[in-house]
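Numbering of the sequence shown is given in our numbering, commencing with residue 87 and proceeding in unit increments.
In this text, a Cβ means the ideal position worked out from N, Cα and C, and glycines have one as well.
In this text, all values refer to a predicted model and were calculated from it rather than measured experimentally.
One structure below.
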Amino acid sequence: MKLPIYLDNHSTTRTDKRVIEAMLPYFDEYYGNPSSMSHPYGWAASSAVESAREKVADFIGAKPEEIIFTSGTTESNNLALKGLALSPLNKKRHIVTTEAEHPSVLNVVRFLERSGFLVTYLKLDQYGMFDPGELEGAIKDNTLMVSLMAANNEIGTIYPLSEIAAICQEKGVIFHTDAAQAIGKMDFNVSSIALDMASFSAHKNYGPRGTGALYVRQKSPKIRLTPLLQGGGQEKDLRSGTLNTPAIVGFAKSLEISKEEMPVETERLRLLRDRLKEGIFRDLEDIYLNGHPEKRLVNNLNISIKNINIDHLLSELRDLALSTGSACASGSPEGSHVLKAIGLDQSLMKTSVRFGLGRFNTEEEIDYTISRFTGAVKKVRNKNL
Ligand SMILES: *Cc1c(COP(=O)(O)O)cnc(C)c1O
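Here's what the structure looks like:
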């Protein structure tokens with residue numbers, strides 16, 4: 087069977103061959119436990135992890151001591167939010183976020199709400215954007231933290247991190263960001279943005295699945311987190327469990343590649359995405375763009391199609407690996423929580439399609455996608471709804 091063209095790079099990405107290459111010796115030759123300090127097997131693994139930590143830190147402009155390796159953004163978000171909120175030293179009980187966050191923030195916030203925290207969900211406009219003035223007004227004496235994503239995984243909208251960070255800093259509240267989609271797609275540097283914590287995964291940027299990091303700024307007063315996992319005390323007691331050396335090495339390699347190739351790659355993705363968008367909008371009527379027209383991820387296109395049976399459309403498009411809404415939310419009968427949060431019409435919510443472009447997509451693939459997609463929409467629209 088010929089596999090479909092992969093256009094679902096917001097869910098996950100193909101691991102770059104150079105990353106796999108870098109990982110292999112750490113399964114086989116250097117298989118020691120990085121916590122074993124009594125022999126060379128452990129030393130080799132430990133030095134690989136520490137060198138990876140330096141590279142990950144370097145990529146975001148952090149210090150190595152500020153990086154905690156985790157299993158990915160879901161865990162990092164949990165550690166940032168629950169770790170801070172449930173710390174015995176924390177007395178504050180209010181959190182600010184939006185309803186367009188990833189479930190790994192939203193469901194943690196809802197859990198905290200059930201545990202007695204108060205949550206303010208900022209109002210979102212049709213582009214998924216909020217008013218910074220409203221954020222400022224939402225922060226109270228009792229506010230512990232603001233958690234707002236760097237870029238939305240469904241509609242691609244990019245939040246003004248510097249502006250948010252400045253407001254939070256001024257008000258003395260912690261600012262956490264879910265940067266899963268931002269890493270490798272846009273500038274993200276904690277030395278120029280005063281954010282306090284950031285979560286990200288390796289696999290959204292051509293690294294292996296199941297690894298990632300939480301950045302925690304070293305500042306005074308110290309950000310005190312309570313660990314989610316107790317055990318052997320790895321990662322400064324914040325994340326017990328044997329470190330996944332091969333994955334961590336691969337994670338660092340993926341960022342080394344991005345550091346080198348990002349300027350060219352993001353421009354290429356932007357051009358491909360614009361080509362796809364123009365191709366679709368040129369040829370079809372009654373198509374609506376979801377997300378911000380300019381402030382959006384270079385590789386994201388999310389559209390809603392008027393008057394179509396989305397299941398019929400997808401079954402016409404088996405040779406394209408697409409997503410409707412979010413992979414994390416698909417299967418939910420209510421449709422995308424993000425599209426709901428931006429107030430999209432019920433009918434357009436159910437007919438949204440997300441294209442997530444990536445490193446391995448070619449111009450030929452995009453041209454093929456345009457012709458297949460526009461052809462399928464016309465065909466399905468002409469049938470009954
Ligand atoms: C993918 C994603 C996550 C979850 O990452 P995992 O690696 O699955 O834990 C969280 N937030 C955003 C914005 C994402 O895109």
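Cβ pair residue i, residue j closer than 9 Å
i, j, result
"Ile-91", "Gly-336", "no"
"Gly-242", "Asn-385", "yes"
"Ile-452", "Arg-382", "no"
"Asp-102", "Arg-445", "yes"
"Lys-305", "Leu-230", "no"
"Glu-380", "Val-466", "no"
"Ile-181", "Thr-206", "yes"
"Ala-288", "Gly-118", "no"
"Phe-155", "Glu-321", "yes"
"Tyr-245", "Phe-216", "yes"
Cβ-heavy atom distance, residue i to ligand 1, below 8 Å
i, result
"Arg-295", "yes"
"His-289", "yes"
"Gln-320", "no"
"His-180", "no"
"Gln-212", "no"
"Gly-444", "no"
"Gly-298", "yes"
"His-423", "no"
"Gly-264", "Correcting the residue type first, residue 264 is Asp in the shown sequence and not Gly. Asp-264 Cβ: within cutoff of ligand 1."
"Ser-97", "yes"
"Gln-304", "no"
Cβ distance (whole Å) where residue i is taken to contact residue j below 8 Å
i, j, result
"Gly-214", "Asn-238", "6 Å"
"Ile-366", "Thr-448", "Incorrect: roughly 18 Å between the Cβ atoms, too far for contact."
"Ser-121", "Gly-128", "7 Å"
"Gly-377", "Ala-333", "Gly-377 to Ala-333, Cβ: 31 Å. No contact."
"Ser-285", "Leu-300", "6 Å"
"Glu-240", "Arg-440", "6 Å"
"Thr-455", "Leu-93", "7 Å"
Residue i, buried or exposed, once every other Cβ within 10 Å from all chains shown has been counted against 16
i, result
"Tyr-292", "buried"
"Val-302", "buried"
"Gly-421", "buried"
"Phe-113", "exposed"
"Leu-430", "buried"
"Ala-415", "Confidence is the limiting factor: at Ala-415 the pLDDT is only 49, short of 50, which leaves the residue's position unreliable, though a coordinate-based value still follows. Ala-415 is buried by the Cβ-count criterion."
"Met-235", "buried"
"Ala-462", "buried"
"His-125", "exposed"
"Arg-359", "buried"
"Pro-307", "exposed"
"Ser-412", "With a pLDDT of only 40 at Ser-412, under 50, the local geometry of the prediction cannot be trusted, and the value read off the model is given with reservation. Buried, by the Cβ-count rule."
"Asn-388", "buried"
For the pair the segment 303-315 and the segment 168-188, tell me if three or more CB-CB distances fall below 8 Å. In short, these stretches touch, since the Cβ pair count reaches three.
Taking 8 Å as the threshold, find out whether the segment 250-257 comes into contact with the segment 192-212 through three or more Cβ pairs. Taking 8 Å as the limit for Cβ pairs, the verdict is that the segment 192-212 does not touch the segment 250-257.
Q. Between the segment 159-167 and the segment 141-150, do at least 3 Cβ pairs fall closer than 8 Å?
A. no
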